[in-house]
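Numbered per our numbering, the sequence shown spans residues 25 to 253. See below for the structure under consideration.
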Amino acid sequence: MNDPKVVLVTGANRGIGLEICRQLAAAGQRVLLTARDEEKGRSAAASLPGEVHFFHLDVTDPGSYENVQNYIAAEFGYLDVLINNAGIMSSTRGFDKTDLNDIRRVMETNLFGIIGLTQTLLPLLYKSSAGRIINISSGLGAISEMGGGYAGYRLSKTALNGFTAALAADLSATNIRVNSMCPGWVKTDMGGSGAHRSVEKGAETAVWLATAGQIPNGKFLRDKIIIDW
Ligand SMILES: NC(=O)c1ccc[n+]([C@@H]2O[C@H](COP(=O)([O-])OP(=O)(O)OC[C@H]3O[C@@H](n4cnc5c(N)ncnc54)[C@H](OP(=O)(O)O)[C@@H]3O)[C@@H](O)[C@H]2O)c1
25 MNDPKVVLVT GANRGIGLEI CRQLAAAGQR VLLTARDEEK GRSAAASLPG EVHFFHLDVT
85 DPGSYENVQN YIAAEFGYLD VLINNAGIMS STRGFDKTDL NDIRRVMETN LFGIIGLTQT
145 LLPLLYKSSA GRIINISSGL GAISEMGGGY AGYRLSKTAL NGFTAALAAD LSATNIRVNS
205 MCPGWVKTDM GGSGAHRSVE KGAETAVWLA TAGQIPNGKF LRDKIIIDW
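Listed below in structure tokens is the structure:
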């Protein structure tokens, strides 16, 4: 294996985030499992094999960005991979019936939290020889296959994809690659029991984007293949 990478995953106490950490740690990477709930995060980190560190991180709390930045600087000195996985669901209603406050609430976590955390951690990503930012988006945010309902969630993921494409362009002269990915419809608390994908499959593309030698830049992927925005 190449040198282990330092990888931070947000919202990793359960669901796809936890599985991403499990696969990365099993592959020998140095994993920073973060969660907004200290107890759940510590117990999730303790349940995994390999090198897994826990750090408290609420993506809606800018104070927590500074804390994690200081921790990584002291503990590792750099960051190779940032996986923006934490996310919340909105009301299932469409724009015709959704309260604007519900849209704002979802944007805080699924968009502004990601932008703020990413900006704070960029100086540590610049120090990596091959930095990567992986934004966990959703087909529900793809303009090419847009449907109705889930107004806040759809908008947050469409905007997240816009952030991915623009940031990749902003960082094109650096060693950092930025991509969005859709995990598919995955059996988690968010996806529900009707989902047909396992967490193992849902985590696969993120793990590949974090560790593969050659990956795209500024793209939207599912199952390791570039898909339409
Ligand atoms: N499941 C699917 O079918 C599916 C499909 C497409 C995309 N996705 C995306 O995949 C990602 C993971 O989804 P999932 O299915 O694993 O969902 P999940 O089981 O509901 O887990 C979401 C995780 O995000 C955390 N989180 C929420 N708000 C946070 C905050 N402010 N700060 C830090 N962590 C926060 C949650 O922590 P708590 O435990 O504290 O609530 C939890 O650990 C999300 O971005 C989601 O939009 C999922």
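By construction, the Cβ of each residue, glycine as well, lies at the ideal position given by its N, Cα and C atoms.
Residue i beta carbon near ligand 1 (any heavy atom closer than 7 Å)
| i | result |
| --- | --- |
| LEU106 | no |
| CYS45 | no |
| VAL253 | The sequence shown places Trp at residue 253, rather than the Val named in the question. Checking the Cβ of TRP253 against ligand 1 gives no. |
| VAL30 | no |
| TRP232 | no |
| ASN109 | yes |
| MET214 | yes |
Burial state of residue i, where buried means 16 or more other Cβ atoms lie within 10 Å
| i | result |
| --- | --- |
| ASP82 | buried |
| ASP156 | The question names Asp, yet the displayed sequence has Arg at residue 156. Per the 10 Å Cβ criterion, buried. |
| LEU164 | buried |
| GLY172 | exposed |
| LYS243 | buried |
| PRO73 | exposed |
Euclidean distance between Cα positions of residue i and residue j
| i | j | result |
| --- | --- | --- |
| THR182 | ALA192 | 16 Å |
| ILE158 | ASN203 | 5 Å |
| ASP27 | GLY118 | 47 Å |
| ALA227 | MET170 | 23 Å |
| TYR89 | THR142 | 9 Å |
| GLY237 | MET113 | 33 Å |
| HIS77 | LEU56 | 5 Å |
| PHE187 | LEU145 | 16 Å |
| GLY87 | ASN94 | 11 Å |
| ALA166 | ARG178 | 8 Å |
Residue-chain proximity (residue i, chain D), Cβ-Cβ < 8 Å
| i | result |
| --- | --- |
| ILE239 | Here there is only one protein chain, and chain D is not present. |
Cβ-Cβ separation, residue j to residue i (assumed contact under 8 Å), whole Å
| i | j | result |
| --- | --- | --- |
| VAL105 | ALA219 | Contact flag wrong, Cβ pair sits at about 26 Å. |
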